[in-house]
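Residue numbers (my numbering), protein chains in the order written: chain A, 1 to 331; chain B, 1001 to 1516. From the three backbone atoms N, C-alpha and C, an ideal C-beta is built for every residue, glycine too. All values reported here derive from a predicted model rather than from experimental measurement. Input: a single structure, listed below in structure tokens.
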């Protein structure tokens, strides 16, 4: 059964903007995602060279060695634009907030086995700095990238990274006194276990090629760190030892990683398929940063998994390699 | 089990510090100069980034919550507007020219500064300042995208909206805001912040954003005004960032004061030129007017801006150099610009028209010192000419100011009958300016402004034709060829409002919706 309300119908003169029509195969009704992100990049008659980088034009695809005939092919399978992003995050934040409340109101954080709590604190709290590093990299990616179809998800990704760094901070503040954050920062700065990760993170800060930043941070580093830490460490190791409260308080992270991977895979797949040149570059970056990341995560895996560290790392790497293969690479 | 229940309660400020400043660190594996390569070359000295006062203590969880709520409401209205032919509720189809101007000339700037704020949000060394900039970056993305979605429905039914992207890079009058935005983006991060956050957001927002949104409210444009209300709290955050940024820079080192003063001089003047377009919109394009440009200038620039500069005097900052001239121009610029656009109405992607008698009387009342003496007679002359079948369309191209890129149409300070004109010879080339202030901006950075892509000069050089045209063909019409290069739908996007397709369709559709 259906009812139909009659409304005055006026035939539109056109369905969408010409910059969008050119990219969706003609003038037809366009989605909000398409109108928000397609064909919006300024491409001609730029007035002044940037004083901060006069070797490039203000908007310049040559800031990456990747070559695309059409940058707008690099669409986000999630089809996120600001509004859908912020509404979705608001919902997820509500769940996350409810989880924090649940843990605190039932005092679950106070009944954690002390060794589990210590382990969680040692492994998770310094990672707020790694999330901040990801935020820096995605801001850099956003500011250097070419075309709205990358710029728009880039700034949302950067804000997500900041949100994660702040969730980890809240986790620390719930688990212990605020000084715990200073202790974790000291570990990040000085403890031998954290130095390879910090070293690698700082090395990503000087990458200038925006697609390499994207690959290093969003594909490789996140692609190894999130499954290792949130699937294997938090959801498996800690939970099996009575630490499910930790999993509740970090439930946003694996959820977010699943979504962000859809975007990352969507972009990489198209870039790799575009040309042998692109494929070779993406493969090289992936291999290089994968090897660095494995080395950087090894001491953290030792802390997290003890005797099982190698198995855990191997599993995660195998899973990652399979993902790369699906995207058209041999790594 | 012994439970540790008496945990320290953190104050908001302390808690926020942990959520922001506490996240960063001094790099040691890479030199700080390599990680932050852009924050020294402008000469600004920062000794202690921790002195930055967080302008708004917003963490991401709260940000998502507030923004998500706002966007749910906003999109419900955009949806309802589209579903119920909300466009037929505007006061008059002439109003569409105001939104076309906003869409063509302002929305792309929102899009531009996303990258500028992301760059500042990455490259300042202080974490708190970075986060404030990042929030603005993602807010600006919001504004660009929500404007796109609000205006999408107008594009379906009316002309002039369809090729904003293509026009932005090419059309003569859009090089005014385009060069403004690119000037800011191509500057270092500190100048960018003073240009956009301070001069534009703090000093001038009330003269740009607010008039357009109030215009929408007065003229039944539910879609745009809902966006405006929804963006209001974002805009106040951006203003707070602007004032915080300038105080921080001024307090850090006395050597920063002259540099910042130079930027204030430059960006106030550049901003005031872009605002001439808003003045025209307020005085001529709104069927139901909110207030005159002169009144807006007196409240938001003279009163509020005056108080601001009195407040900044303690840092050694004086009002911008062009202040007195900009204040005098409040009696003139909206009329001068409208007359320019009216006469070049064949080359604008919005409609122009002759004001009605009632509207002329309103302008006479609002501008007692200038309108009847200088502008009313010209407007009446043009209207009479049009009535006799001779609508004036200028076809000779005007000279453009090398800095602000507005055609030379403004008059000398103190003499509203004389077009202001300046020239500088730089390395053997002659450059033209609309004012001494634009000339001085050029002289301070000639290496930058010699690069200006001036549409009129480019047209004369033959760089503004589509590749398939033959300028040597006997029937070659250069003006038509240029407008085609702009992607105008000739006769539909441009020309007088009287008789336009927009006028006819609006009348027809409103009739359909209101009668049987």
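Practice task
Would you kindly report the start and end of the unbroken alpha helix (DSSP H) that includes residue 35(A)?
Solution key: Looking at the DSSP string, the run of the alpha helix (DSSP H) that includes residue 35(A) is 32-37.
Exercise for the section: Indicate the three-state DSSP secondary structure (helix, strand or coil) for residue 1226(B) in the structure shown. Expected result: Here residue 1226(B) sits in helix by DSSP.
Handout entry: Near-chain B residues of the region 195-226 of chain A - C-beta to any C-beta below 9 Å
Key = Those residues of the region 195-226 of chain A that come within reach of chain B (Cβ to Cβ, closer than 9 Å) are 195, 198, 199, 200, 201, 202, 203, 205, 206.
Practice task
Within its chain, find whatever has a CB closer than 8 Å to the CB of residue 121(A); leave out the 5 residues flanking it on each side and keep chain order.
Solution key: Answer for residue 121(A): 172, 175, 176, 180, 184, listed in chain order.
Handout entry: Bridge partners - residue 1431(B), DSSP secondary structure assignment
Key = Answer by DSSP bridge pairing, in chain order: 1424(B).
Practice task
Decide if residue 1087(B) is buried, meaning its Cβ has at least 16 other Cβ atoms within 10 Å, or exposed.
Solution key: Result: buried.
Problem - Three-way DSSP call (helix, strand, coil) for residue 1411(B) in this model - result: Looking at residue 1411(B) - three-state DSSP - the assignment turns out to be strand.
Handout entry: Interfacial residues, the region 34-56 of chain A to chain B, with Cβ spacing under 7 Å
Key = Cβ contacts with chain B come from 35, 36, 39, 40, 42, 43, 44, 45, 46, 47, 48, 49, 50, 51, 52.
Exercise for the section: Tell me whether residue 1468(B) sits in a helix, a strand or coil according to DSSP, three-state version. Expected result: Coil, per DSSP.
Handout entry: Residues that residue 1487(B) contacts on chain A, provided the C-beta gap is smaller than 8 Å
Key = By Cβ distance, chain A contributes 18.
Practice task
Could you tell me which residues DSSP puts in a beta bridge with residue 1400(B)?
Solution key: Under DSSP, the beta-bridge partners assigned to residue 1400(B) are 1407(B).
Handout entry: Residue-chain proximity (residue 1085(B), chain A), Cβ-Cβ < 9 Å
Key = Chain A, which has a Cβ nearer than 9 Å to the Cβ of residue 1085(B), makes this yes.
Exercise for the section: Verify the CB distance criterion: does residue 1222(B) have a CB-CB separation below 9 Å to chain A? Expected result: At a cut-off of 9 Å between beta carbons, residue 1222(B) makes no contact with chain A.
Practice task
With 9 Å as the threshold, decide whether the Cβ of residue 191(A) is near any Cβ in chain B.
Solution key: Chain B, which has no Cβ nearer than 9 Å to the Cβ of residue 191(A), makes this no.
Exercise for the section: Could you have a look at residue 1419(B) and say whether DSSP puts it in helix, strand or coil? Expected result: Under the three-state reduction of DSSP output, residue 1419(B) falls in the strand class.
Handout entry: CB contact flag (residue 1377(B), residue 1316(B), <9 Å)
Key = Contact: no.
Practice task
Determine the chain A residues that contact residue 1182(B) at a beta-carbon separation under 7 Å, and present them in chain order.
Solution key: Those within 7 Å of residue 1182(B) in chain A are 46, 47, 48, 58.
Practice task
Would you tell me roughly how many angstroms separate the C-alpha atoms of residue 1080(B) and residue 1153(B), rounded to the nearest one?
Solution key: Each residue's Cα considered, the two are about 11 Å apart.
Practice task
Since I believe residue 17(A) is in contact with residue 1104(B) (beta carbons under 8 Å), could you give me their beta-carbon distance rounded to a whole number of angstroms?
Solution key: Actually they are not in contact, since the Cβ atoms of residue 1104(B) and residue 17(A) sit about 12 Å apart, beyond 8 Å.
Exercise for the section: Run down chain B in chain order and give the residues with a C-beta less than 8 Å from the C-beta of residue 15(A). Expected result: Within chain B, the residues 1156 have their CB atoms less than 8 Å from the CB of residue 15(A), given in chain order.
Handout entry: Rounded separation between residue 1350(B) and residue 1360(B) - CA only
Key = When rounded, the distance between both Cα atoms is 21 Å.
Exercise for the section: Give every residue of the same chain whose Cβ lies closer than 6 Å to the Cβ of residue 1172(B), excluding the five residues on either side of it in the sequence, and list them in chain order. Expected result: The answer, listed in chain order, is 1455.
Handout entry: Own chain, CB closer than 7 Å to residue 153(A), minus 5 neighbours either side, in chain order
Key = Correct list, in chain order: 76, 80, 263.
Practice task
Report all residues from its chain with a CB closer than 7 Å to the CB of residue 300(A); omit the five preceding and five following residues, and keep chain order.
Solution key: If you ignore the 5 residues before and after residue 300(A), its C-beta comes within less than 7 Å of the C-beta of 123, 193, 197, all in its own chain and listed in chain order.
Exercise for the section: Tell me whether the beta-carbon of residue 1472(B) lies closer than 9 Å to the beta-carbon of residue 1443(B). Expected result: In terms of Cβ geometry, residue 1472(B) and residue 1443(B) do not form a close pair [threshold 9 Å].
Problem - Three-way DSSP call (helix, strand, coil) for residue 176(A) in this model - result: Reduced to three states, the DSSP call for residue 176(A) is coil.
Exercise for the section: Identify whether residue 1352(B) lies in helix, strand or coil by the three-state DSSP scheme. Expected result: Note: residue 1352(B) maps to strand in three-state DSSP.
Exercise for the section: Determine the direct distance from the alpha carbon of residue 1478(B) to that of residue 1311(B), and round the result to whole angstroms. Expected result: So the alpha carbons of these two residues sit roughly 53 Å apart.
Problem - Straight-line gap, residue 1263(B) to residue 1195(B) (C-alpha atoms, nearest Å) - result: Approximately 7 Å, taken between the alpha carbons.
Handout entry: Cutoff 7 Å; reference residue 1038(B); Cβ partners in own chain excluding five residues on either side
Key = Excluding residues within five positions, the ones whose Cβ falls inside 7 Å are 1123, 1188, 1189.
Exercise for the section: Would you kindly check if the distance between the Cβ of residue 1091(B) and the Cβ of residue 1287(B) is under 9 Å? Expected result: Cβ distance < 9 Å, so residue 1287(B) and residue 1091(B) count as in contact.
Handout entry: Rounded Cβ spacing between residue 1276(B) and residue 1419(B) (contact assumed at less than 8 Å)
Key = With a Cβ gap of about 15 Å, residue 1276(B) and residue 1419(B) do not count as contacting.
Handout entry: residue 215(A) versus residue 224(A): straight-line alpha-carbon distance, rounded
Key = About 12 Å.
Exercise for the section: Specify the secondary structure class of residue 314(A) as computed by DSSP and reduced to three states. Expected result: The answer is helix: DSSP assigns residue 314(A) an H, G or I state.
Practice task
For residue 1001(B), name the three-state secondary structure that DSSP assigns.
Solution key: Its pLDDT being 40, under 50, residue 1001(B) is placed unreliably in this model, and the coordinates cannot settle the point.
Exercise for the section: Alpha carbon to alpha carbon, how far is residue 1379(B) from residue 1291(B)? Give it in angstroms, no decimals. Expected result: Rounded to whole angstroms, the separation of the alpha carbons of residue 1379(B) and residue 1291(B) is 20 Å.
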